[in-house]
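Engineer: Just so you know, the sequence shown maps onto residues 37 to 282 in my numbering.
Here it is, the structure in full.
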Amino acid sequence: MIPIFTVLSRACRAWRRMMTCGAVVIASSLAGGCVPDSVHSVIHPKDELPQPRQQLDDYLTVGCTRIWQLAEPASENNPLYWLRAMDCARSLSPAEARVIAHRHEEPTWQEAFRRGILLADARITPQERQRYMTTLDATADSVPPHVQPLYQVWRAGQQLQLKLVAERGRYNKLRQTTDTELEGMRVQQTHLQSQLEATTRKLKSLTDIERQLSTRKPSAGYLPDASQVSSEGAAAPDSHSVKEKQ
């Protein structure tokens, strides 16, 4: 029988030879470019972002005079065009914005959107804002999908403007009513204060009179005159005359 130690030694030598041969094979494969796809995928992961299917034109460099003249579908279906239009509208005075807005009166979503953008900051009345918002709502279904997100955000801002104006109107009306009520309360308070002062003066006068009457006494040197004594004596008969009559 072969000792167990000898068997283990032979097994170790065979394992070492096999590992050496495997390393040589892998090295030669790498040198020759025969690397499996799995190795390539680990070394060079596919982390590149996918390219967009459609490139959008940038209108940042388009002049503001030119921006209102563009009316082709390529521009109107591009949200960047409408963003540039909003920037240009902010640089216009209210009078200039109204003049340009009058050129876009057709009942289409494009013209309604342009007119709304131009008039949004032109110091318009709530009635004017509500008028072009009604046109926008009537043509909202025709807005292209690419423009819908921007359109919805802008429209929500216009709705908030209308709500803000309505809240200010209610506040001013409530304040006016409150001011009127406060003025009426001030007048009433002044009248009541006047009545209170008059009543206080009368009460004080009556108190003074009562005090004077309570402290007044008859004079010590006062004597009835002779006429009063004679009249009193004639009116009251003496006891002697009464006895004689009896």
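No residue lacks a Cβ here, since even glycine has one placed at the ideal position from N, Cα and C.
All figures in this text were calculated on a predicted structure; none of them were measured in a lab.
What is the C-beta distance between arginine 150 and alanine 192, in whole angstroms, given that I count them as a contact (C-beta under 8 Å)?
Structural biologist: Contact flag wrong, Cβ pair sits at about 18 Å.
Engineer: Can you check whether the CB of tryptophan 104 is closer than 7 Å to the CB of isoleucine 153?
Structural biologist: No, the Cβ-Cβ distance between isoleucine 153 and tryptophan 104 is not below 7 Å.
Engineer: Determine the DSSP secondary structure at aspartate 93, reduced to helix, strand or coil.
Structural biologist: Aspartate 93: coil per DSSP, three-state reduction.
Engineer: Going by DSSP in three states, arginine 252 sits in which element: helix, strand or coil?
Structural biologist: Coil.
Engineer: If you scan the stretch 131-167 from start to end, which runs of the alpha helix (DSSP H) of 4 or more residues do you find wholly inside it?
Structural biologist: For the stretch 131-167, whole alpha helix (DSSP H) runs of length 4 or above, ordered along the chain, are 145-155.
Engineer: So threonine 101 is in the alpha helix (DSSP H); what residue range does that whole segment cover?
Structural biologist: It spans 100-103 - the alpha helix (DSSP H) in which threonine 101 sits, taken as one unbroken run.
Engineer: Checking 7 Å against the spacing of the C-beta atoms, do proline 109 and histidine 182 come in under that value?
Structural biologist: For proline 109 and histidine 182, no; Cβs fall outside 7 Å.
Engineer: Secondary structure at valine 189, three-state DSSP: helix, strand or coil?
Structural biologist: Helix, per DSSP.
Engineer: What's the call for leucine 96, buried or exposed, on a 16-neighbour Cβ count within 10 Å?
Structural biologist: By the neighbour-count rule (16 or more Cβ atoms within 10 Å), leucine 96 is not buried but exposed.
Engineer: Taking glutamate 147 as the reference, which of Leu128, Asp123, Ala174, Asp157 has the closest Cα?
Structural biologist: With distances taken between Cα atoms, glutamate 147 lies closest to Ala174.
Engineer: According to the neighbour-count rule (16 or more other Cβ atoms, all chains shown, within 10 Å of its Cβ), is arginine 165 buried or exposed?
Structural biologist: The residue in question, arginine 165, is buried, as its Cβ has 16 or more Cβ neighbours within 10 Å.
Engineer: Look at the alpha carbon of threonine 226 and the alpha carbon of tyrosine 207, and state the distance between them as a whole number of angstroms.
Structural biologist: Taking the straight line joining both Cα atoms gives about 28 Å.
Engineer: Do valine 201 and proline 22 come within 7 Å of each other at the CB atom, strictly closer than that value?
Structural biologist: Residue 22 lies beyond the range of the chain shown here (37 to 282); nothing can be said about it.
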